[in-house]
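Numbering (the working numbering), first residue to last: -4 to 283.
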């Protein structure tokens, strides 16, 4: 396999790993559809199949524009990202399953391409620095115009009202929430519990507790965001010595509550895929 093929396969597997993780609070998984009535597990697999052919192209565009200004890379990635979104909507019947992940993984694959073309080490820190460089001023450029609010997207409205920039803000920061909170929590849980799925859930719950998830706000407001954070923190405070069965049962219980309150931490789920991608890329290419 070429480097591009390997990177795109890692990205695809990150998406599959996120949807396969069960249980998840308020999110689609193998057990149920969470707080969603218009999507399910098979639809997500169909969406991933539609997205996958574009992932290597994101990487290639990073390589091709590696020695050009970062805004050239961003423009190229945007065009491919829009084509990828159109394909997703065609396959899902107009349902948004992975728009946030297309944005984040598109930037990540493009950043990896730039780093590889420049002959630099594929570390998590270096990749995220490159994402921040590509995404410089993206929040201001995309959300800064105070034009007609009636035509503003949900993300724009949340930014104008609450100052939360969602996926764009995370990208511009080099995925600071992932690096600062989720990654250390994940690595610690993985060391203690092994690859049982518990470490993945610890990472997701950490993201829910720290991320200003605009998907939650759009469905349940700031009160829903505060409530979801407290629920996540409650499970995270369970002693690590407690066995997996009890831990998973607590997550199942939160899922029921999130469904009742129409809470879906979709932005945090997207960041979980980011975490999976970053750790797997670093592991796969650490000896390059």
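Glycine is no exception: its CB is placed at the ideal position from the N, C-alpha and C atoms.
Asked: Chain-order list of residues whose beta-carbon lies under 6 Å from that of residue 197 (same chain, five-residue window excluded); Found: 180 and 184
Asked: Contact check, residue 72 vs residue 95, beta carbons under 9 Å; Found: no
Asked: From 233, 11, 246 and 175, residue whose alpha carbon lies closest to that of residue 43; Found: 11
Asked: Meets three-Cβ-pair contact criterion under 8 Å: the segment 265 to 282 and the segment 163 to 172; Found: yes
Asked: Segment limits, alpha helix (DSSP H) that includes residue 289; Found: For residue 289 there is no data in the structure shown, the boundaries of the chain being -4 and 283.
Asked: Of the listed residues 170, 21, 193 and 4, nearest to residue 120 (C-alpha basis); Found: 170
Asked: Inside the segment 226 to 271 only - alpha helix (DSSP H) runs reaching at least 4 residues; Found: 239 to 256
Asked: Best match in 47, 65, 273 and 245 for proximity to residue 76 [C-alpha to C-alpha]; Found: 47
Asked: For residue 14, the three-state DSSP class (helix, strand or coil); Found: helix
Asked: Rounded C-alpha distance that separates residue 64 from residue 127; Found: 13 Å
Asked: Alpha-carbon to alpha-carbon, residue 244 and residue 2; Found: 35 Å
Asked: Three-state class that DSSP yields for residue 179 in the structure shown; Found: helix
Asked: Spatial neighbours of residue 160 in its chain, beta-carbon cut-off 6 Å, leaving aside the 5 residues before and after; Found: 134 and 154
Asked: DSSP three-state assignment for residue 170, whether helix, strand or coil; Found: coil
Asked: Uninterrupted alpha helix (DSSP H) stretches inside the segment 58 to 141 (no shorter than 4 residues); Found: 65 to 87, 94 to 112, 119 to 129 and 133 to 138
Asked: Buried or exposed (CB count within 10 angstroms, at least 16 for buried), residue 205; Found: buried
Asked: Where residue 177 falls, given that 16 or more other Cβ within 10 Å makes a residue buried; Found: buried
Asked: Limits of the alpha helix (DSSP H) - the one that residue 201 falls within; Found: 193 to 205
Asked: Reduced DSSP secondary structure (H/G/I, E/B, other) of residue 19; Found: coil
Asked: 8 Å contact criterion, which residue 109 and residue 57 should meet: CB distance rounded; Found: 4 Å
Asked: Stretch pair the segment 244 to 260 + the segment 19 to 26: three plus CB contacts closer than 8 Å; Found: yes
Asked: Candidates 92, 83 and 271: closest to residue 182 by CA position; Found: 271
Asked: Beta-carbon proximity of residue 201 to residue 231, cut-off 9 Å; Found: yes
Asked: Residue 155, enclosing alpha helix (DSSP H) - first and last residue; Found: 149 to 157
Asked: Close Cβ partners of residue 213 (< 7 Å) along its chain, the five nearest in sequence each way excluded; Found: 149 and 153
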